[in-house]
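Trainee:
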Amino acid sequence: MKPHTLHVLVENRAGVLSRVAGLFSRRGFNIESLTVGTCEEPGMSRMTIVVLGDDAEVEQVKKQLNKLIDIIKVSDITERSTVERELALIKVTAEPGESRAEVMQIASIFRAHIIDVGAKSVILQVTGDSDKIDALEGLLRQYGIREFVRTGKIALIRGSKSSKSQN
Amino acid sequence: MKTGAKLLIEGLQREGVETIFGYPGGSVLPVYDELYDAPVRHVLVRHEQAAAHAADGYARASGRVGVCLATSGPGACNLVTGIATAYMDSVPLVAITGQVPTSMLGNDAFQESDITGITMPVTKHNYLVKRAEDLPQTVRDAFFIAGTGRQGPVLIDIPKDVMTAQLTEAPPVGSHRLRGYQPTYEGHALQIEKAVALIGEAERPLLYVGGGVIASGASEEVRRLAELMVIPVTTTLMGLGALSCDHPLNLGMIGMHGTEAANYAVTECDLLIAVGVRFDDRVTGKLDAFAPNARIIHIDIDPAEIGKNKPADIPIVGDARRILEAITHRLAGQDGRDGWLERVHRWKASAAAHSDGEDTLSPAYILQEMSDLLGSSGIIVSEVGQNQMWAAQHYCFRRPRTWISSGGLGTMGYGFPAAIGAHFARPEETVVDVAGDGSIQMNIQELGTVAQYRIPVKIVILNNMYLGMVRQWQELFYDRRYSYTELPPVDFVGIGRAYGVDGIRVEDRQDVRPALQAAFESDGPFVLDFRIDREANVFPMVPAGAAINEMIGRRQA
Chain V
11 MKPHTLHVLV ENRAGVLSRV AGLFSRRGFN IESLTVGTCE EPGMSRMTIV
61 VLGDDAEVEQ VKKQLNKLID IIKVSDITER STVERELALI KVTAEPGESR
111 AEVMQIASIF RAHIIDVGAK SVILQVTGDS DKIDALEGLL RQYGIREFVR
161 TGKIALIRGS KSSKSQN
Chain R
9 MKTGAKLLIE GLQREGVETI FGYPGGSVLP VYDELYDAPV RHVLVRHEQA
59 AAHAADGYAR ASGRVGVCLA TSGPGACNLV TGIATAYMDS VPLVAITGQV
109 PTSMLGNDAF QESDITGITM PVTKHNYLVK RAEDLPQTVR DAFFIAGTGR
159 QGPVLIDIPK DVMTAQLTEA PPVGSHRLRG YQPTYEGHAL QIEKAVALIG
209 EAERPLLYVG GGVIASGASE EVRRLAELMV IPVTTTLMGL GALSCDHPLN
259 LGMIGMHGTE AANYAVTECD LLIAVGVRFD DRVTGKLDAF APNARIIHID
309 IDPAEIGKNK PADIPIVGDA RRILEAITHR LAGQDGRDGW LERVHRWKAS
359 AAAHSDGEDT LSPAYILQEM SDLLGSSGII VSEVGQNQMW AAQHYCFRRP
409 RTWISSGGLG TMGYGFPAAI GAHFARPEET VVDVAGDGSI QMNIQELGTV
459 AQYRIPVKIV ILNNMYLGMV RQWQELFYDR RYSYTELPPV DFVGIGRAYG
509 VDGIRVEDRQ DVRPALQAAF ESDGPFVLDF RIDREANVFP MVPAGAAINE
559 MIGRRQA
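Note that the protein sequences, when read in sequence, are chains V and R.
Residue numbering for the first sequence follows the numbering used here, beginning at 11 and increasing consecutively.
Residue numbering for the second sequence follows the numbering used here, beginning at 9 and increasing consecutively.
1) Taking Leu154(V) as the query, report the chain R residues whose CB atoms sit under 9 Å from its CB, ordered along the chain.
2) On the DSSP letters alone, give me the boundaries of the beta strand (DSSP E) that Arg187(R) sits inside.
3) Are there 16 or more other CB atoms within 10 angstroms of the CB of Val442(R), so buried, or fewer, so exposed?
4) Can you tell me whether Lys171(V) is helix, strand or coil according to DSSP?
5) Closest Cβ-Cβ distance between Leu136(R) and chain V: below 9 Å?
6) From the beta carbon of Gly114(R), is the nearest beta carbon of chain V less than 9 Å away?
7) Which residues, in chain order, does the region 300-315 of chain R contribute to contact with chain V at a C-beta distance below 9 Å?
8) How about the region 156-167 of chain V and the region 33-50 of chain V: do they share at least three Cβ pairs that are nearer than 8 Å?
9) Where does Pro167(R) land, buried or exposed, given buried means 16+ other C-beta within 10 angstroms?
10) Go through its chain and collect everything with a Cβ distance to Gln119(R)'s Cβ below 6 Å, but skip five positions before and after it.
11) Report the three-state DSSP secondary structure of Gly160(R) (helix, strand or coil).
12) Considering only residues of the region 487-537 of chain R, which uninterrupted beta strand (DSSP E) runs meet the minimum length of 3 residues and lie entirely inside it, listed in chain order?
13) Which value, in whole angstroms, describes the spacing of the CA atoms of Arg54(R) and Asn115(R)?
14) Let me know the alpha helix (DSSP H) ranges lying completely inside the region 106-134 of chain V, each 4 residues or longer, listed in chain order.
15) Quick check: the region 462-476 of chain R against the region 535-542 of chain R, are there 3 or more CB pairs under 8 Å?
16) Can you check which of these residues, Ala59(R), Arg521(R), Leu37(R), Leu16(R), is closest to Arg139(R) by C-alpha distance?
17) Could you list which residues in chain V have their beta carbon closer than 7 Å to that of Tyr189(R), in chain order?
18) How many Å lie between Ile467(R) and Gly511(R) at the Cα?
19) Cβ closer than 9 Å: which chain R residues qualify as neighbours of Gln70(V)?
20) Closer than 9 Å, CB to CB, is Arg29(V) near chain R or not?
21) Quick one: which chain V residues come within Cβ less than 9 Å of His184(R)?
22) Measure the C-alpha to C-alpha separation of Ala226(R) and Gly220(R) and round it to an integer number of angstroms.
23) First and last residue of the beta strand (DSSP E) that includes Ala78(R)?
24) Hey, how far is the Cα of Arg29(V) from the Cα of Pro129(R)?
25) DSSP three-state call for Ile91(R): helix, strand or coil?
26) Spell out whether any CB of chain V is found under 9 Å from the CB atom of Met549(R).
27) Contact criterion: CB-CB distance below 9 Å. Does Ser170(V) meet it with respect to chain R?
28) Please list the segments of the alpha helix (DSSP H) lying wholly inside the region 198-272 of chain R, counting only runs of 4 or more residues, in order along the chain.
29) Scan the region 403-416 of chain R for residues whose Cβ lies nearer than 7 Å to a Cβ of chain V and list them as they occur along the chain.
30) For Ala84(R), count the other beta carbons within 10 Å of its own beta carbon; 16 or more makes it buried, fewer makes it exposed. Which is it?
31) Buried or exposed: Ile125(V), going by 16 or more other Cβ atoms within 10 Å of its Cβ?
32) For a quick check, are the C-beta atoms of Gly266(R) and Ile560(R) less than 9 Å apart?
33) For Val465(R), does the count of other Cβ atoms within 10 angstroms reach 16, so buried, or fall short, so exposed?
34) By DSSP, does Met549(R) sit in helix, in strand, or in coil?
35) With a threshold of 9 Å between beta-carbons, can His196(R) be considered close to chain A, or not?
36) Would you kindly report the start and end of the unbroken beta strand (DSSP E) that includes Gly65(R)?
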């Protein structure tokens, strides 16, 4: 079992996400993260799906995805050289004084931004790969994480190669 | 001015639809109003499930897309079993449902159901049409999707206000516009070369053919390849009729209730040429013990089926007919495979020597008599259970599309309405529904439909007053504890009569042939109630999960 990253180009239509998610759940595929948004091609969206499984399982995932009428192209970019990012927002307890200063210092080391300051807490915004976000979360836990949200992974192949509908 | 409902009917006509099966209701009334004087025949069934099965039977008998129509909410939900049945057996079907007006969508309005959500897992694709101007193109796309590639059901859900919307001009209809849907038909040339080489080298090859061969019209190509290279052939339940039952290379059905010859042959073959099959668990039994010594060529139009259950040495994606043609074209022929054929024929002969010799009213006898009387002229539709397996084992299928049965989903109640659909597809053929007393009671209300239109479907009930197949499992695996499988006697002839349908009850072997003759000679629907041996079993049988050559109930040589 290892994580595979798939780029899935889909028609930008109502219900597509539900078709994809439904396919995963009813066939028992283990979805790790799924992000979706519009992309460079008009009328289409790109999903970045991270799925856990062995090679045979992921092969079956790809084939089943390809059967959905609204899916235009499925590319496995796991073995490609890619840049990957996640975004996280972390609301952390930071009383004015020493602990707030420490939190701000940690934020700066991780190139995170403080995007809101409250009486007893601050909100950090951080982007990076999953490991970086995990590490920051680990460090901030001692101060008390009040709320934590993160997006799934998005990824692009490095260089001029792409996973467009035609290439 | 044209309404959405009118555009829908025009769309159906454009696709060449002549017959649809349906049941009216509030949300679909604008369509029914258009149907009142449209040149499309509508058959009124008694339950929406029957509409879906009838459309399915129509599709399987004709090879064309079947169409059913129902109202919103309960009407749409009642289609679901029929749609799922078609999905599991890859049957081209377009289901049209009425829906509450768009302004009420999602409000839990009266007779509202999220039918696109409900049918998502059991359709090839589905649509909720929100604008009348999208209707013509949606109908075009739906028929294209249903009838191409790996065929399957497509649902179109139409809110009532979309049906009544008035358009000043009909929107143009182009060819299909589906960027993500491009089925592969031609097999990969290199893979075909490899397959040709393997077939040439094999010492004990076996063709294993299924529903995909029927769907692609590849029966002739199967026969040609088998004869040219002297390869024995076994078919799945869905592939019966792909090669005539009396062809010397035909070993009969494979799988849980398959023949000894087929199940032994697959265990011993060194090359398995799998065409239009999906290695279903009812065929393979224990996967590791299925074709354990064989290299596998797997030909299928759906890439997702290749390697899903059993890895293939040579996967070939595409249309079975074209690929078999390409393969056969490159082969020179084979002198003989004497040793292999001899073994295969010995298995076949030992089973044949022990067939029916009894004097009771056995299902085998009834089906053999039926086969004898109809020759190659009938279409046999079955329900699900013992009746289905007996029909598959004992009726001699000579042509494709003469055997219609719910394979994948195993839907009790399928046969009778599917037989109605088959009649409309091929009115010149005698259509027989082989039923059990359990199954027939699942859609028995369709006696009303056959009576109303005088649809000459013959219902052959193999009546043992049990849910026979479940009882058989209880006998073999649950210590004869017949928990809730006994059914009280029913006067099926009397029920038929109440609807205005003729019938005969048969209790003795010598009355079988005259009763069948009377039914086949009648020009209307007919009920035959055969009181068979109560505890007759379907043998041979491979217990679920066992290896395919571990058959029980084998008659001793």
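All C-beta atoms, glycine included, are put in the ideal place defined by N, C-alpha and C.
Just so we're clear, the structure is a prediction, and the values are computed from it rather than from any experiment.
Mentor: In brief:
1) The sequence given here places Gly at residue 154(V); Leu does not occur at that position. Going along chain R, no residue has its Cβ under 9 Å from Gly154(V), so there is no contact; the nearest lies around 40 Å.
2) Counting along the chain, Arg187(R) falls outside any beta strand (DSSP E), and DSSP gives it neither H nor E.
3) buried
4) coil
5) yes
6) Not one chain V Cβ lies under 9 Å of Gly114(R).
7) So the list reads Asp310, Pro311, Ala312, Glu313, Ile314, Gly315, given in the order they occur along the chain.
8) Here the region 156-167 of chain V makes contact with the region 33-50 of chain V; the two share three or more CB pairs at distances below 8 Å.
9) Result: buried.
10) Taking Gln119(R) as the centre and dropping the five residues before and after it, the same chain places the C-beta of Ser80, Gly81 closer than 6 Å to its C-beta, in chain order.
11) coil
12) 510-514
13) 29 Å
14) 108-119
15) yes
16) Leu16(R)
17) Ile79
18) 9 Å
19) Near Gln70(V) (Cβ distances below 9 Å), the residues of chain R are Ala312, Gly315, Lys316.
20) Yes, because at least one Cβ of chain R sits closer than 9 Å to the Cβ of Arg29(V).
21) Under the 9 Å cutoff, chain V gives no residues; its nearest Cβ is about 10 Å from His184(R).
22) Approximately 8 Å between the Cα atoms of the pair.
23) 74-78
24) 8 Å
25) helix
26) No Cβ of chain V is located within less than 9 Å of the beta carbon of Met549(R).
27) Residue-level contact check: Ser170(V) does not touch chain R, since none of the beta carbons of chain R fall below 9 Å from its beta carbon.
28) 219-224, 227-237
29) Per Cβ criterion, the list is empty.
30) buried
31) exposed
32) no
33) buried
34) strand
35) The displayed structure is made up of protein chains V and R, and chain A is not among them.
36) Bounds of any beta strand (DSSP E) do not take in Gly65(R); it lies within the alpha helix (DSSP H) bounded by 56-70.
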